[in-house]
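Each number in this note's numbering comes from the position in the sequence shown (counting from 1) with 46 added on.
Structure first, commentary second.
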Amino acid sequence: MAVDIVMPQMGESIVEGTITKWLKKPGEKVRRDEPLFEISTDKVDAEIPAPASGVLQDIKVQEGNTVQVNTVVGTIAGEGETVAAPPAAARPSAAPPAAAPAKPESTPAPSAPPPPAHPTAREPEDHSRSSPLVRKIAREHDVDLSQIAGTGLGGRITKQDILSFLERQETAAGAPPTAVPRPAAPPAPATIPGDLVPMTQMRKIIAQRMVESRRTSAHVHAMFEVDLTRIVQLRNKTKAAFEQRHQARLTFMPFFVRAAIIALEQFPIVNASVEGESIRYHRYVNIGVAVALDWGLIVPVLKNAGELNFLGLQRGISDLGERARSKKLKPEEVEGSTFTVTNPGQFGAVFGLPIINQPNSAILGVGGITKMPLVLTDAAGNDSIAIRSVVHLTLGYDHRLIDGAVADQFMALLKKTLENWSEEIG
């Protein structure tokens, strides 16, 4: 008996998802819980497992299409069952197309097979490129959808696309006689050679949220130079033993996260959020750790990080990063951050000016660790120059909530904690 494959609801607030990739083809065997297809939602990218073992019978929703949750996107034939051949209308035929009798209807309409290679002049029923609302508007105004260039995902025609098209038609129809002078239209921009590729769902979400954050928060940045020599030496000395004892890598990130937690507990306003004309002081410190992916950026969250020791921070950060790259995160694991740490320094950046991850009020950017000459002053006030390991840390903060003096005090405490590191690392 065939089993339906449905678009899952990846969290309470998720209402739709985009199929980004099918990992199996029709006719191929699948095992229950084996990754079957990949989806992208407003919250997370994920691999979706097969609901049953058998053979992938058909794919009803192709890659790049967005559908509501619980929509049937394909079917799996049970083990031992014969996979039915595609309907005759969907298979190539030696006979000319005209030989296939059209299904009689009260009103002539295009037949419903998959979109042909060369669509007819008027095809308002192009489901892959438009929504029911767009097709309804097209029918009411006798619009040929093939004349409209879609700006949605995969060239999909949006409501705004067809309304703009209708507005241009009305403007052209109501144009004044040529005797009446009109302003010259601006010249069309020069076409630069290259490929035009639609944004992925994740890239569209990132773009939207970055612009929204810039419009929402009054961004200010404060940068501090930190002498990280003590921590670099400690890590070099204990790295091998730490990894052998705990079967976990020892990176620099838990040092920065732990120092941030200490500062956040001292300055809770930096861990707070703006809600209308009120301030939400969060009970816990939930650290979002930005993870760079080959296909975008995601910020999984280390919940209640203030209760974790150094080893717990290292394991939690490593686990979230690995599962983010393998698309194994759950929606709730990318929600609820109160403060974010991002690390552009891993790619060689001296420092960055990160955009705040809403609804946080601050984000810490970690630059690259480099050796530099610094002037050191001893207890007697004598100066000397030494080669030290230095990192530049940047705090991006929302000036609506955090004053410059508070931001600088926060960073001064973070700097002091790192430069005088005394905690056990396990």
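Yeah, the Cβ is synthetic: ideal placement off N, Cα and C, and Gly gets one too.
Only a predicted model underlies this, so the values are computations on that prediction, with no experimental measurement involved.
Looking at the DSSP output, A432 sits in a beta bridge with L420. H265 sits in a strand when the DSSP states are folded into three classes. Taken through DSSP and simplified to helix, strand or coil, F385 comes out as strand. Around V380, the same chain offers K89, V90, I344, V345, P346, V347 as residues with beta carbons nearer than 7 Å, after the five sequence neighbours per side are excluded. Runs of the alpha helix (DSSP H) lying entirely within the region 277-303, each at least 4 residues long, are absent. Just measuring C-alpha positions, the residue of N403, T204, V316 sitting nearest K182 is T204.
Burial is judged here by how many other beta carbons sit within 10 angstroms of a residue's own beta carbon; A264 has fewer than 16 and is exposed. Note that the C-beta distance between V331 and G352 is below 9 Å. When C-alpha distances from D104 are compared across V115, V76, T112, K285, the shortest belongs to V76. Under the DSSP assignment, R326 falls in the beta strand (DSSP E) whose first and last residues are 324-326. Each residue's CA atom was taken as its position, placing S407 and N317 some 7 Å apart.
Counting along the chain, G411 sits inside the beta strand (DSSP E) bounded by residues 408-412. Between the region 364-372 and the region 258-278, the count of Cβ pairs shorter than 8 Å is below three; the stretches do not touch.
Rounded to the nearest whole angstrom, the CA to CA distance from T463 to L102 is 56 Å. D444 sits buried, since 16 or more C-beta atoms from the chains shown fall within 10 Å of its C-beta.
For A338, the beta-bridge partners assigned by DSSP are L343. Excluding sequence positions up to five before and after G382, its CB lies within less than 8 Å of the CB of N332, V347, K349, all in the same chain and listed in chain order. In the three-state DSSP reduction, I363 falls in the helix class (H, G or I). Taking C-beta atoms as the reference points, E80 and A92 fail to come closer than 9 Å. In the structure shown, the three-state DSSP call for I208 is helix. Pairing V387 with A309, the inter-Cα distance amounts to about 13 Å.
Distance from A98 to V49 at the Cβ level is roughly 4 Å; contact confirmed, criterion being Cβ atoms closer than 8 Å. For the options P377, V335, W341, the alpha carbon positioned closest to that of R361 is the one of V335. Beta-bridge annotation (DSSP): L102 is paired with I122.
Taken atom to atom, the span from the alpha-carbon of L69 to that of I251 is near 23 Å. Annotation: R434 to Q247 spans about 44 Å, alpha carbon to alpha carbon. Contact annotation: A458 and F385 have beta-carbon atoms that are not nearer than 9 Å. For the 9 Å CB-CB criterion, L439 and A453 do not form a contact. If you look at L460, you'll find it in the alpha helix (DSSP H) that goes 450-465. Straight-line spacing of the CA atoms in E321 and R261 works out to 15 Å. Rounded to whole angstroms, the gap between the alpha carbons of I94 and L82 is 6 Å. With distances taken between CA atoms, S324 lies nearest to L447 out of A219, L447, E289. The beta carbon of A96 sits closer than 7 Å to those of V76, R77, R78, D79, E80, L82, I122, all from its chain and outside the five residues before and after it, given in chain order.
Taking the Cα of Q455 as reference, the smallest distance to any Cα among I471, G342, Q312 is reached at Q312. In this structure, the CA atom of K461 is about 17 Å from the CA atom of M418. When DSSP states are grouped into helix, strand and coil, S468 belongs to the coil group.
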